[in-house]
Structures are given as structure tokens and as C-alpha cells.
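Here is the structure we will look at, set down as C-alpha cells.
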Amino acid sequence: MGYFGNDIDRCSPDIADIGVHIGSITDDVGSRYQADRPDQLDKVESIRKRVTQKKASVEAMLKTAVQSQLDGVRTGMNQLHNALQDVKDIKTKLAGIDEIYHSVEGLEDKLKEVAAENSKHSQKCEEYINDGKLLHAHKCLTDLERSRDDLLFELHKQTKQSPTDVNTVNHYFSGIEKLSDSLGKQLWLLLQRTLQTLQRDQTVIVSVLRIIEREERNDAMMLKRYDQTGFLPPNRPKRWHQKAFQVMEQAVLSRIEGNQMEDRTMNKMWLVRHLEVTRQIVLDDLRVIKLTDIIHQGLEGNEIVTLLMWIHEYYSEEMMGNPGLKIDISEYGPLLEPGVVTELQNMTGTEVRHLKQTIKVIIIHLCLLYCTRCYSKIFSGMEIDRQAFMLISSFTDSFDQMANVNNCDMLAKFSEEIREKHTPPDKSSDVQRFKIVTKMFHDLIGELCDGLLDEVFLDLDSHIHEIVTRKWLQSSLAVDTICVTIEDYCSDFVHLKPPYYDVVLDKARTLVALEYIKAMFTRKITFKNYQERGPAAEKIVKEADQLSRLFNKLCSEQLDECPFQVLSSLSEILKLKDSSMLSLELAGFTHQYPDIRTDQMVELLLMRGDLGRNEARQLVIDCFGEDHDTQTKNKTTILSKLFS
Numbered sequence: 001m002g003y004f005g006n007d008i009d010r011c012s013p014d015i016a017d018i019g020v021h022i023g024s025i026t027d028d029v030g031s032r033y034q035a036d037r038p039d040q041l042d043k044v045e046s047i048r049k050r051v052t053q054k055k056a057s058v059e060a061m062l063k064t065a066v067q068s069q070l071d072g073v074r075t076g077m078n079q080l081h082n083a084l085q086d087v088k089d090i091k092t093k094l095a096g097i098d099e100i101y102h103s104v105e106g107l108e109d110k111l112k113e114v115a116a117e118n119s120k121h122s123q124k125c126e127e128y129i130n131d132g133k134l135l136h137a138h139k140c141l142t143d144l145e146r147s148r149d150d151l152l153f154e155l156h157k158q159t160k161q162s163p164t165d166v167n168t169v170n171h172y173f174s175g176i177e178k179l180s181d182s183l184g185k186q187l188w189l190l191l192q193r194t195l196q197t198l199q200r201d202q203t204v205i206v207s208v209l210r211i212i213e214r215e216e217r218n219d220a221m222m223l224k225r226y227d228q229t230g231f232l233p234p235n236r237p238k239r240w241h242q243k244a245f246q247v248m249e250q251a252v253l254s255r256i257e258g259n260q261m262e263d264r265t266m267n268k269m270w271l272v273r274h275l276e277v278t279r280q281i282v283l284d285d286l287r288v289i290k291l292t293d294i295i296h297q298g299l300e301g302n303e304i305v306t307l308l309m310w311i312h313e314y315y316s317e318e319m320m321g322n323p324g325l326k327i328d329i330s331e332y333g334p335l336l337e338p339g340v341v342t343e344l345q346n347m348t349g350t351e352v353r354h355l356k357q358t359i360k361v362i363i364i365h366l367c368l369l370y371c372t373r374c375y376s377k378i379f380s381g382m383e384i385d386r387q388a389f390m391l392i393s394s395f396t397d398s399f400d401q402m403a404n405v406n407n408c409d410m411l412a413k414f415s416e417e418i419r420e421k422h423t424p425p426d427k428s429s430d431v432q433r434f435k436i437v438t439k440m441f442h443d444l445i446g447e448l449c450d451g452l453l454d455e456v457f458l459d460l461d462s463h464i465h466e467i468v469t470r471k472w473l474q475s476s477l478a479v480d481t482i483c484v485t486i487e488d489y490c491s492d493f494v495h496l497k498p499p500y501y502d503v504v505l506d507k508a509r510t511l512v513a514l515e516y517i518k519a520m521f522t523r524k525i526t527f528k529n530y531q532e533r534g535p536a537a538e539k540i541v542k543e544a545d546q547l548s549r550l551f552n553k554l555c556s557e558q559l560d561e562c563p564f565q566v567l568s569s570l571s572e573i574l575k576l577k578d579s580s581m582l583s584l585e586l587a588g589f590t591h592q593y594p595d596i597r598t599d600q601m602v603e604l605l606l607m608r609g610d611l612g613r614n615e616a617r618q619l620v621i622d623c624f625g626e627d628h629d630t631q632t633k634n635k636t637t638i639l640s641k642l643f644s
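What follows is the structure in C-alpha cells.
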């Protein structure tokens, strides 16, 4: 009714307007006829037509207004009909919901029982973990996880998945992951102490391994179901199998590395004590191992021989037969049953016959193995020696390193001889392995040569830092000392085999040249005027010639291009008196040494003392170009090694 009331209210003003309009027409006609003007009677017909037209227009307006109101009423009726139908549908659905609520009214009590059972199961699992009953704890944990996974899987299968339901289930079973982590910690703790646990109770380790195996199977099953359905339960895969190996590996490392109680600052015999403790720990661990377990696993080749030799030595004076022990071995019986020993001896005979047929191949592989391990040992020993050398500056004996260089050269040549004599050309894998071993020894020789030079330049360090300084201007002692020291060390280096003597000398020459060039580019001094700069440039040329003649005299063969030539070229830039000619000098220098950097040349120009930084940089950029440092150089010189 409210809707129709509004329509009537809207119609009332329109009808009132029409009535007023008709009234006005009537008044107009009356006023016209009441006039005392007879001539107006002739216009009655036109007035009548005009009034008729107005009346027709008003009637049309009235019909239109009524029609629009009727359309509104019809629309309102349709909406009321639809609303009534919607109300009926809602009433029906509410009745259905009410019936559903009545049907699940008894589930609350049942769910309370389920919740209590779940809580009881979780508490029982936690108690089993605390009591060390690992298998029982794992069974309870598996039941809880299976219940959770089944519920989540049912939710996953629904077409319209509800995140709220999933979160509810996860929250309901949130304690499972804590129980799983707690059980895992117990397993990892036992695996870390495997050998100690085996001495007390072997069943504990067996239980641990069984649990890990079951979890590995569960992981595989869940991953397979994930591939089929796309559902993967929380905290899966656990990868306990992989974690177990990591824990055991870390336990072994900790057991060996964790027994160092002292260092060299506390006790000079720290290494002896550390190795003795390690030996005792290893012996304790070996007592856990059973020889029968080794036999059941099956032995091959040298393992059988080693076991028989150990059994033979077991009864000798070196072990149980030692008079100091005063032990009657006969009271304990044989270490292995006679039948087992006979079987092992027969297997040894078979292996010996097989080895005779393939002895050459075995020797080659053993040589490769020995060479590889020898390289690793020598390299690690060399690193230890180098560290000790850096700590003990008084150590000056380099004969051991020179002997190592010569020995590595012999081993490399020996490997080549074995490869050429005993390795068929079609065995490409063996040939490649020999080449790798030979390369290892040559790399090691390079490291040893660098170690020899480290000792030399440690002695020269203070004198090298004096080059191109104020002190250097007053005396030639720094370069003279460098020459004498290098000549003295070369009297020892002559014990190196010829090729490596020249290699060491060539490296020393390059390093000395680089240090001298670096001293010029780091601008340790800025000259005041040409009277100071000119003699300094002459001195640089003189010392470059002195160093060049020294290395030519010491070297047994003609060396490559002398790296000291760059010093003479740099000194020309310093010696130039007229700064306006610098651009020409720089152009010639960069043509000869294109790999010089812009900042290096700027520092050299600043050392002259007659140019500011901005002026020097602009001069270098004008000669070299803006992108000089980023351009690809067509020639590399010793300057490329300066800061590499």
C-alpha cells in the first residue's frame, strides 16, 4: 500500500494543475461573452476551435500521466510478487537449516570424546618420547599424522575448498609437528652417540634406524600421492634419512676435532697430545666393531689379506703375545673359527691368481692414487709451512722448499714415463688422469716458487717502501740493498733445476719492477721544482739500468723483454722541463704502453709539482680520451699486472 500511496500522491498535483487550467479557460470564455462588444461574436468560432484544441491537449496530457502511473503500479506489483517468492524460498531454506542444526545437535558430545582421545594420544606420545620408548612414540605419532592427513585429504578432494576448514584442522592438530620435532631431536642425539650407545644397548640404535626407515617409506608414499592428486600433508617430506647421514657425519667430525684442548700458545707439545687423544678415541671406537660383521658384509682382494695378516699378528709378540701382558691366549680360543680362516685363505688364493693377470693395471691405478694423495699432502703441508713462515719471521731456510720443487719435477716426469710405457693409447680415461696428475705437480711447483719469493720480498719489504721518497733522494742504499739481497738469495736458488731457477728469477725481476712502478704511481713525494725533479729522474734511469744488468747477470739464459724499460719512459715525463710539451710526451708514452690507466698518469704528473690536479687530469684526458680506461687494448704490458 505504501507504494500505491506514493503513486497517488504523485498523481494529485498533475490533476490539480489540469483542473486549474480548465477553470482558467472557462473564465476566459465567460469574460469574452460578457463584454459589451458585439463585434466579438464573429470570433466565437475561432475561440471555440482554440478552446477545443487546448481541451484535446489537456486530455492527452491527462491520459499520458494516468498511463505512466499505471505502468508504475504494474512494475510495483511485479516487484512485490518477486519479493513474496524470495521470502518463501528463504523461509524454506531456513527451515532446512533448522532441521540440519537439530540433526547435528548430538555431535558436540561426540566431538568432545574425539578431542579428549586426541589429547590423550598426544600426551601419551609425549610421555613415550620422554621415557625413551621410541617405537611406541613413533606409533602414536604416526596415528595422529594419519588422522590429520586423512581429514586434510578429504577437504582437498572437495570441489570448493574452504581455507577456514583447513586452518581449523591444522590448528586442531598443531601439536603434531612439535611432537615430530621432539622425536627427531631424540633420534639425532642417539645417532650422534652411536658408538657409545652400541656398547650399552644395541636395540636402541636398531629402533632409531627402523623409525628412520619407516619415515622414509612414508615420505615416498606421500610424494607418490602428491604426483597423483596434488595433495601433500604438512611437514612432508621429512627427509630423516638424509638428516641422519648429516648428523652422523657431523658427529664424526666433532669427535675428532673436538678433542683439541690446547694450542701452541698453551703447550709446545699440543700436537702430540692432540694426536694421542685422537688415537685413544679411535681405538675405543674400533673396539665396538665386530670382525664377524665384516665377514658377513663380504671382503674383497686386499681386505682379505689385511684381515689374515692382522689375525697372524694377533698372536705375535707385537700384540697379545707380548710377554709384558702375561696373557695365556689359549684360554680365549681362536679369534676366528678355523673354517672361516680356511675359507678366507682359499679366497685369497683365487684373488692372487686374478691379481697376477691384472697386476699392471692395478699398479698404474695405485700410482695414480699415490700421486694424487701425494699432491694433496704436499700442497696442504706447503700451506702449513707458509703460515708458519709468516708467523716466524726469523725462519730463513728455504732448502726444503727447493727440494720440494725438484721432487715435484721428478714426480711429474715419473708420471709421464708411466703413462707412456704402461697406458695404452685407447685408454683415454687413464691418459687423462695421468695428465691431471702431471698438471697438479706443475701447479704445485708454481706455488712453491711463489713461496720462495715470499721469503725474499719479506726481507726486501722495508727497502722497497723507501723507493721514490725523500730518504731515497739522499741515498742509493735502498736499491743497492735490494740488488745485494737478490744476489745472495740466488746463490741458494742455483740448487733448483735449471728451468725453475730461471722461472724464479723471472718472477723476481717482474715483482721488483712492479714494486718500483707502484712507488712512482702512489706519489710518495712531490717535487718542489725542476732542480729537484731532474736529478730524481736521472736516478730512476740509473737504478733501472742497475737492476736490469743484475738480472741479466744472474740469469743463465736470455730473459724476455726487460720490464725496467718502462721506468726510463716514466722518468722522461718527470724530467721534461717545459710542461707545454707534456702532451707530446704523453702521446708517445701511451702509444708504447696503451694499457696505462688515467689515474696512474695523473698521479705521475702530480708528482712533478708544477701542475694542479684538475689541470693534470684535463691534460691526460685530452691526450688519452674520455673512454681510455674502458677501451679494449691492442697490447698488454707490465702495467696491466700492476693492480691485477
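Counting from 1, position 465 in the sequence shown corresponds to residue 465 in the UniProt record's numbering; the numbering is continuous, with no gaps. All C-beta atoms in this analysis are idealised placements derived from N, C-alpha and C, irrespective of residue type, glycine included. It should be emphasised that the depicted structure is a prediction, and the values quoted were computed from it without experimental measurement.
Item to check | Residues near L271 by beta carbon distance below 6 Å, same chain, minus five either side | outcome: none
Checklist entry - How many whole angstroms separate the CB atoms of I525 and M607, which I take to be in contact at a CB cut-off of 8 Å? => result 7 Å
Checklist entry - Three-state secondary structure (DSSP) at T229? => result helix
Item to check | Assigned secondary structure, S640 (DSSP; H/G/I helix, E/B strand, else coil) | outcome: helix
Item to check | Start and end residues, alpha helix (DSSP H) containing P499 | outcome: P498 to F521
Checklist entry - By DSSP, does H102 sit in helix, in strand, or in coil? => result helix
Checklist entry - Is it right to say S119 is buried, meaning 16 or more other beta carbons lie within 10 angstroms of its own, or is it exposed? => result exposed
Item to check | Top-ranked residue by Cα proximity to T203, from G132, D492, Y226 and K93 | outcome: G132
Item to check | Through-space distance from V468 to E626, alpha-carbon basis | outcome: 29 Å
Checklist entry - Do you know whose CA, among P498, S583 and T598, lies nearest F521's CA? => result T598
Next on the checklist: Whether or not the segment 442-450 and the segment 475-485 are in contact is what I'm after, with contact meaning three or more pairs of Cβ atoms, one per stretch, closer than 8 Å; do they touch?
Outcome noted: no
Item to check | Straight-line gap, H81 to E45 (C-alpha atoms, nearest Å) | outcome: 54 Å
Item to check | Stretch-stretch touch, CB-based, cutoff 8 Å, three pairs: the segment 134-145 with the segment 163-179 | outcome: yes
Checklist entry - Tell me which same chain residues have a C-beta within less than 7 Å of the C-beta of L460, skipping the five on either side of it? => result I482 and T485
Item to check | Inter-residue Cα distance where the pair is Q237 and F231 | outcome: One detail in the question is off: residue 237 reads as Pro in this sequence, not Gln. Going from the Cα of P237 to the Cα of F231 covers about 12 Å.
Checklist entry - Given that a residue counts as buried once 16 or more other Cβ atoms are within 10 Å of its Cβ, and exposed if not, what is D86? => result exposed
Checklist entry - Shortest alpha-carbon distance to T636 belongs to which of V602, D610, Q592 and N614? => result Q592
Item to check | Where H138 falls, given that 16 or more other Cβ within 10 Å makes a residue buried | outcome: buried
Next on the checklist: Once the 5 residues before and after F457 are set aside, which same chain residues still bring their CB inside 7 Å of it?
Outcome noted: L511
Item to check | Rounded straight-line distance, which links the Cα of I281 to that of W188 | outcome: 21 Å
Next on the checklist: Taking only three categories from DSSP, how would you classify V602?
Outcome noted: helix
Checklist entry - If L547 and A508 are in contact, beta carbons under 8 Å, what's the gap, nearest whole angstrom? => result That pair is no contact at about 10 Å.
Item to check | Backbone CA spacing between Q186 and D149 [nearest angstrom] | outcome: 24 Å
Checklist entry - Would C555 pass as a contact of L619 if the rule is Cβ separation under 7 Å? => result no
Checklist entry - So the alpha helix (DSSP H) L253 belongs to, where does it begin and stop? => result W240 to E257
Checklist entry - Within this structure, are the beta carbons of N404 and L448 separated by less than 7 Å? => result yes
Item to check | 4 or more residues per run - each alpha helix (DSSP H) lying fully within the segment 166-228 | outcome: 175-192 and 194-200
Item to check | I212 burial status per 10 Å Cβ neighbour count (16 or more: buried) | outcome: buried
Checklist entry - Less than 7 Å separating the beta-carbons of E585 and I596? => result no
Checklist entry - Straight-line CA distance for residue 645 to I638? => result Outside the displayed range of the chain (1 to 644) lies residue 645, so it cannot be described from this structure.
Next on the checklist: Less than 7 Å between the C-beta atoms of A544 and L567, yes or no?
Outcome noted: yes
Checklist entry - At what residues does the alpha helix (DSSP H) containing H591 begin and finish? => result L582 to Q592
Checklist entry - Rounded to the nearest angstrom, how far is the Cβ of V161 from that of L152, given a contact under 8 Å? => result Per the sequence presented here, residue 161 reads as Gln, with Val not at that position. Not confirmed; about 10 Å, so no contact.
Next on the checklist: Taking 7 Å as the limit between beta carbons, can you name the residues of its chain near T197, skipping five residues before and five after?
Outcome noted: L190, V204 and I205
Checklist entry - Whose C-beta lies closer than 7 Å to the C-beta of A244 among residues of the same chain, with five residues either side of it excluded? => result L191 and I212
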